[in-house]
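Numbering (UniProt numbering), first residue to last: 1 to 161.
By construction, the Cβ of each residue, glycine as well, lies at the ideal position given by its N, Cα and C atoms.
Remarks on the structure that follows.
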């Protein structure tokens, strides 16, 4: 009996674009996460929650999850942790008592502002390494991929992502 995989051209994972994109994103994300983990002891979900609230102001946990592509349990844990640090406060919605609006405290805003500067500096260093043309091409490529595949995001999203 022959092995069907051997009869075909093997997939070279290291040359497969989706794999390369994921690997690059994970590597860059890990490098940046080492900065906020080292300075503040934050996890990725905590950072994403803090950044979302810093960007938009008061949000529900559901809105944070949608914006940051995180499962509700990760958002819930991040919210709890940020609340324990006194960086986040909850406010019940008067119209719908089941809904809570989450927002950063003064201490949370201070941490966000410092971390936003770290993020901008990190991104500037990345772009400097790519150069002007590489940066422009990367941004254009990402925009094209997000536009094309973004229309399928709600349909194909899973809790495993």
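Could you pull out every residue in the same chain whose Cβ sits closer than 7 angstroms to the Cβ of residue 135, ignoring the five residues on either side in sequence?
-> The beta carbon of residue 135 is closer than 7 angstroms to those of 127 in its chain, skipping five residues each way along the sequence.
State whether the region 43 to 54 contacts the region 75 to 87, with contact taken as three or more CB pairs (one from each stretch) at a distance under 8 angstroms.
-> Verdict: yes, contact present.
For the alpha helix (DSSP H) that contains residue 71, what are its first and last residues?
-> Unbroken run through residue 71: none, as it is neither H nor E.
Are the CB atoms of residue 59 and residue 50 nearer to each other than 8 angstroms?
-> no
When DSSP builds the beta bridges, which residues end up paired with residue 92?
-> DSSP, once it has assigned bridges, lists 100 as partnering residue 92.
Look at the alpha carbon of residue 155 and the alpha carbon of residue 121, and state the distance between them as a whole number of angstroms.
-> Low confidence applies here, because residue 155 scores a pLDDT of 40, under 50, leaving its location unreliable; read the following figure in that light. Approximately 35 angstroms, taken between the alpha carbons.
Can you grab the Cα-Cα spacing for the pair residue 132 / residue 82, in whole Å?
-> 37 angstroms
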